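Okay, so here's the structure we're looking at.
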Amino acid sequence: MTDILQGWQPAPAGHKHVVSVSLGSSARNAREEVTVLGQPFIIERLGTDGDPKKMAALFQALDGKVDAFGLGGADLYVIADDRRYTFRNVRALVKNAVKTPVLDGSGLKNTLERDAIAQLDPILNWRTQKVLMVSAVDRFGMAEALAEHHADIVFGDIVFGLNLDRPLRSITSLRRVARLVLPVITQLPQDWFYPTGAKQESSVQGSGTKYYAWADVIAGDTHYAKRYAPQDLTGKTILTQTITAADRDWMKARGVRRLITTTPRMGSRNFATNVLEAMFVALSGKREALSGPEYLEFIRQVGFRPEVNEL
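Residue numbers for the sequence shown follow the numbering used here, so the first one is 38 and each next one is one higher.
What follows is the structure, given as structure tokens:
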């Protein structure tokens with residue numbers, strides 16, 4: 038761990054620097070130079086291959102050296118039904134970041150993704166779509182927006198998270214489950230129910246596979262969607278956020294018809310909401326998460342819209 042920053046380079050003068058430290062695979066690492074609202078940025082992702090000690094060490098080593106941290110491959114908070122739940126073990130991983138703010142994307146999920154569903158309605162006509170959200174409690178804004186637009190939805194939180202064939206089919210049932218399970222789940226290690234490290238590169242089949250066949254649209258986290266996906270996704274639409282070239286190849290190989298990302302492509306890839314949230318906080322000059330209206334104002338200024346790709 039003594040050489041944990043070996044080869045790492047700070048941003049050039051005049052640039053703001055955002056680093057997403059992720060529990061995910063280092064194979065997805067990236068470093069891009071972009072300009073947002075006239076401000077040049079270095080946007081960087083550092084994966085730790087599921088190693089929590091390395092993640093904690095990176096937060097400590099880079100604290101004060103960058104303008105904002107993103108937290109990838111894990112959630113610090115989950116916002117569900119206007120309540121915020123904190124993951125105990127994740128809070129411990131970021132505790133040594135005392136100078137640089139840490140953003141996990143939860144605030145932006147509740148604004149940008151909710152907004153994206155409304156923007157996509159003229160294209161998809163949600164009333165006509167069958168939508169599988171493999172996990173919804175971590176993207177409650179998207180879940181509520183889909184329900185408000187009258188999509189036919191299966192929320193797979195119990196099916197995939199707890200391995201019980203109990204699909205949730207209404208936002209009311211999702212709210213009920215969130216109130217019951219989130220106080221318990223947030224006290225457990227997150228890798229018990231979210232794929233980290235090498236698990237992000239493999240798929241497992243189970244009783245939930247049939248819901249992929251039923252759905253027109255698979256929505257939510259990229260890793261979660263890939264983790265439980267069958268080989269045949271012919272004609273499906275995937276609605277997600279962070280995408281690499283390898284993810285696109287994976288989708289094409291399985292016959293996915295359309296890829297929609299709620300976050301825009303920056304350089305060679307679509308970065309996750311934690312990166313964009315950190316970028317907006319760095320732009321604001323504040324040292325903490327912004328409010329929902331503040332995030333929406335930045336979204337409007339930058340002109341972010343969902344990106345639709347026919348594969």
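Positions of the beta carbon are idealized from the N, C-alpha and C atoms, including for glycine.
This one's a predicted model, so the numbers in the text were calculated from it and none came from an experiment.
- Of the other Cβ atoms in all chains shown, fewer than 16 fall within 10 Å of the Cβ of R216; this residue is therefore exposed.
- If you ignore the 5 residues before and after R125, its C-beta comes within less than 7 angstroms of the C-beta of T223 and Q224, all in its own chain and listed in chain order.
- Taking the CA atoms as reference points, D88 sits about 9 angstroms from S59.
- Two segments are said to touch when three or more pairs of C-beta atoms, one from each, lie closer than 8 angstroms; by this definition the region 42–60 touches the region 80–87.
- Contact annotation, L145 with Y332: C-beta distance approximately 6 angstroms; criterion of less than 8 angstroms satisfied.
- The three-state secondary structure of R120, taken from DSSP, is strand.
- Taking a cut-off of 8 angstroms on C-beta distances, the region 119–133 does not touch the region 322–332, as fewer than three cross pairs fall below it.
- Fewer than three pairs of CB atoms, one per stretch, sit closer than 8 angstroms, so the region 159–172 makes no contact with the region 94–108.
- In this chain, the alpha helix (DSSP H) harbouring S210 covers I208 to I222.
- Counting other Cβ atoms within 10 Å of its Cβ, A188 reaches 16 or more and is therefore classed as buried.
- The residue among P226, G257, V127 and P159 with its C-alpha nearest the C-alpha of G178 is G257.
- Following the DSSP letters along the chain, one finds T277 inside the beta strand (DSSP E) bounded by residues T274 to T277.
- Here G193 is near S172, since their CB atoms are less than 8 angstroms apart.
- The region 135–188 contains, as complete alpha helix (DSSP H) runs of 4+ residues, the segments 151–161 and 177–185 (chain order).
- In the DSSP assignment, F106 falls within the beta strand (DSSP E) that extends over A105 to G109.
- Residue state for G198 is assigned as helix, using DSSP reduced to three classes.
- Taken through DSSP and simplified to helix, strand or coil, K91 comes out as helix.
- DSSP, reduced to helix, strand and coil, places S321 within a helical segment of the structure shown.
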